[in-house]
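The next block holds one structure in the form of structure tokens; read it before the comments.
Protein chains: 2
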Amino acid sequence: MSDLLERLRGRGWRLTSQRRVVAEVLNGDHVHLTADEVHARAVQRLPEISRATVYNTLGELVTLGEVLEVSTDGRAKRYDPNAHHAHQHLICSGCGAIRDVHPQGDPIAALPATERFGFVISGAEVTYRGLCPDCARP
Amino acid sequence: MSDLLERLRGRGWRLTSQRRVVAEVLNGDHVHLTADEVHARAVQRLPEISRATVYNTLGELVTLGEVLEVSTDGRAKRYDPNAHHAHQHLICSGCGAIRDVHPQGDPIAALPATERFGFVISGAEVTYRGLCPDCARP
DNA sequence: GTATTGACTTAGACAAAGTCCAGGCTAGGA
DNA sequence: TCCTAGCCTGGACTTTGTCTAAGTCAATAC
Ligand SMILES: [Mn+2]
Ligand SMILES: [Mn+2]
Ligand SMILES: [Zn+2]
Ligand SMILES: [Zn+2]
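Which chain is which? The protein sequence lines are Y and L, in order. Each residue of the first sequence is one higher than the one before, counting from 13 in the numbering used here. Each residue of the second sequence is one higher than the one before, counting from 13 in the numbering used here.
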């Protein structure tokens, strides 16, 4: 993750303790935290960090293409540090757990020209829903 | 749509003018209105209808399986009367226009067992993004 | 090391989307 | 026609996110 910080500094990003902490919180696999969850974890390390700064920093990371914004339900957006490997999401309807998944083939190819309404298509997001092993137990 | 109302009455739904108006507003193809848009249109026909009733009625229609809830971005949920024909959505990144589309094949089949993490998968939603003919013009 | 400065951070006000409640109203059955 | 369970209403409240004015500080220049 420190290579990320160096990369951003090279792009003229001022490296503050707040930004460093937000970047540290967003570290790992299958990480899809809401802004408030990021804030709660950031406060553990830097008690005075504000909500506004967390929102600002997340927004900047999204603009820079280093973090993805994922809207899986009508609730809070989730922030996903796995921005450099295309993937889709599998979500448990019971507990909300989210996993990164990699389906085969390109979903865009499955949309015939007659179903495109003249649109220029740029991407497709797939959300799989189901029950995780814990929630599926009788 | 009145067959819908009769069907619901058969299920013990009390048929009020408010519910009738909400059902009428949600009529047509490629209809994906937000709750506030439904309310604004309902008020044209029944000026005293409240926001709470629109939310309640939409929620009931979703529970009854007569309307789908679509969360395409982090904004307001959209309500889709096309609940009886499986379909996916194509959204213009420029103006937000939404079209119903029917891709070929089953997206669930594209997810190998090794990518399912032991989940029991129940469905998949695909959101295609692009630019509509108007927004793609130079 | 110190000064400078524009970018950054903060607290809190504000806004949009949605939920909840007490009290009044009414559709539909008796 | 009357009764009442279920429905509706206005408004308070919650969650999620945005904006702003004023204070702070990272990085550069000296
Ligand atoms: Mn992800
Ligand atoms: Mn639809
Ligand atoms: Zn689960
Ligand atoms: Zn458009």
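We put the beta carbon where it would ideally sit given N, CA and C, even for glycine.
When you compare each of the options to residue i by their alpha carbons, which one comes out closest?
{"i": "alanine 95(L)", "options": "Leu76(L), His51(L), Val34(L), Gly142(L)", "result": "Leu76(L)"}
{"i": "alanine 54(Y)", "options": "Glu36(Y), Phe131(Y), Asn68(Y), Gly40(Y)", "result": "Glu36(Y)"}
{"i": "glutamate 78(Y)", "options": "Cys107(Y), Pro145(Y), Arg19(Y), Cys144(Y)", "result": "Arg19(Y)"}
{"i": "histidine 97(Y)", "options": "Arg149(Y), Val50(Y), His114(Y)", "result": "His114(Y)"}
{"i": "leucine 101(Y)", "options": "Ile120(L), Cys104(L), Leu102(L)", "result": "The identity of residue 101(Y) in the sequence shown is histidine, whereas the question assumes leucine. Of the candidates Ile120(L), Cys104(L), Leu102(L), the one whose C-alpha sits nearest the C-alpha of histidine 101(Y) is Ile120(L)."}
{"i": "serine 83(L)", "options": "Asp15(L), Leu27(L), Pro150(L), Thr46(L)", "result": "Thr46(L)"}
{"i": "proline 145(L)", "options": "Ala52(Y), Phe131(Y), Thr65(Y), Cys107(Y)", "result": "Phe131(Y)"}
{"i": "aspartate 92(Y)", "options": "Ala109(Y), Tyr67(Y), Val74(Y), Pro150(Y)", "result": "Val74(Y)"}
{"i": "proline 59(L)", "options": "Gly71(L), Gln30(L), Thr69(L), Tyr67(L)", "result": "Gln30(L)"}
{"i": "alanine 109(Y)", "options": "Arg57(Y), Cys147(Y), Asp118(Y)", "result": "Cys147(Y)"}
{"i": "glycine 106(Y)", "options": "Gly86(Y), Leu70(Y), Arg149(Y)", "result": "Arg149(Y)"}
{"i": "leucine 142(L)", "options": "Ile103(L), Asp118(L), Phe129(L)", "result": "At residue 142(L) the sequence reads glycine, which differs from the leucine that was named. The option with the nearest alpha carbon to glycine 142(L) is Ile103(L)."}
{"i": "lysine 89(L)", "options": "Val50(L), His99(L), Asp118(L), Thr65(L)", "result": "Val50(L)"}
{"i": "aspartate 118(Y)", "options": "Val66(L), Asp112(L), Tyr140(L)", "result": "Tyr140(L)"}
{"i": "valine 34(L)", "options": "His44(L), Arg111(L), Ala64(L), Leu70(L)", "result": "Leu70(L)"}
{"i": "tyrosine 67(Y)", "options": "Thr28(Y), Asp15(Y), Asp48(Y)", "result": "Asp48(Y)"}
{"i": "phenylalanine 129(Y)", "options": "Phe129(L), Arg111(L), Ala64(L)", "result": "Arg111(L)"}
{"i": "arginine 57(L)", "options": "His99(L), Arg32(L), Leu17(L)", "result": "Arg32(L)"}
List the residues of chain Y that residue i touches, going by C-beta distances under 9 angstroms, in chain order.
{"i": "proline 145(L)", "result": "Phe129, Gly130, Phe131, Val132"}
Residues of chain Y with CB closer than 7 angstroms to the CB of residue i, please, in chain order.
{"i": "alanine 95(L)", "result": "Going along chain Y, no residue has its Cβ under 7 angstroms from alanine 95(L), so there is no contact; the nearest lies around 16 angstroms."}
{"i": "glycine 135(L)", "result": "Arg141"}
List the residues of chain L that residue i touches, going by C-beta distances under 8 angstroms, in chain order.
{"i": "valine 66(Y)", "result": "Here the premise fails: no neighbours, minimum Cβ distance about 16 angstroms."}
Please list, in chain order, the chain L residues whose beta carbon lies closer than 7 angstroms to that of residue i.
{"i": "alanine 148(Y)", "result": "Val132"}
{"i": "valine 55(Y)", "result": "Neighbours of valine 55(Y) on chain L: none; closest Cβ ~23 angstroms, over 7 angstroms."}
Considering residue i, what are the terminal residues of the alpha helix (DSSP H) in which it resides?
{"i": "aspartate 146(L)", "result": "145 to 148"}
{"i": "glutamate 54(Y)", "result": "The residue asked about is misnamed: residue 54(Y) is alanine in this sequence, not glutamate. Counting along the chain, the alpha helix (DSSP H) containing alanine 54(Y) begins and ends at 47 to 57."}
Tell me the residue span of the beta strand (DSSP E) that contains residue i.
{"i": "arginine 111(L)", "result": "110 to 113"}
{"i": "aspartate 85(Y)", "result": "Premise fails: aspartate 85(Y) is in no beta strand (DSSP E) and is neither H nor E."}
{"i": "histidine 101(Y)", "result": "100 to 104"}
{"i": "aspartate 41(L)", "result": "Segment: none, aspartate 41(L) is in no beta strand (DSSP E) and carries neither H nor E."}
{"i": "arginine 63(Y)", "result": "Unbroken run through arginine 63(Y) is the alpha helix (DSSP H), 63 to 75; no beta strand (DSSP E)."}
{"i": "aspartate 92(L)", "result": "90 to 92"}
Give the interface partners of residue i over in chain Y, defined as CB-CB distance under 8 angstroms, in chain order.
{"i": "leucine 27(L)", "result": "What leucine 27(L) touches in chain Y: nothing, since even the nearest Cβ is about 28 angstroms away."}
{"i": "serine 62(L)", "result": "The contacting residues do not exist; serine 62(L) stays about 21 angstroms from chain Y at best."}
Is residue i near ligand 6, judged by its Cβ being under 7 angstroms from some heavy atom?
{"i": "glycine 106(Y)", "result": "Inclusion of ligand 6 in the displayed structure is not the case, the ligand content consisting of ligand 1, ligand 2, ligand 3 and ligand 4 alone."}
Inter-stretch contact at 8 angstroms, needing at least 3 Cβ pairs: the segment 123 to 133 of chain Y / the segment 19 to 37 of chain L: In this structure the segment 123 to 133 of chain Y does not touch the segment 19 to 37 of chain L; the number of beta carbon pairs closer than 8 angstroms is below three.
Cβ-based contacts, 8 angstroms cut-off: residues of the segment 106 to 126 of chain Y near chain L: Arg111, Val113, His114, Pro115, Gln116, Gly117, Pro119, Ile120, Ala122, Leu123, Pro124
Three CB pairs or more closer than 8 angstroms across the segment 33 to 52 of chain L and the segment 131 to 144 of chain Y: no
Members of the segment 31 to 50 of chain L that neighbour chain Y once the beta carbon cut-off is set at 8 angstroms: none
Cβ-based contacts, 7 angstroms cut-off: residues of the segment 74 to 103 of chain Y near chain L: Ser83, Asp85, Gly86, Lys89, Leu102
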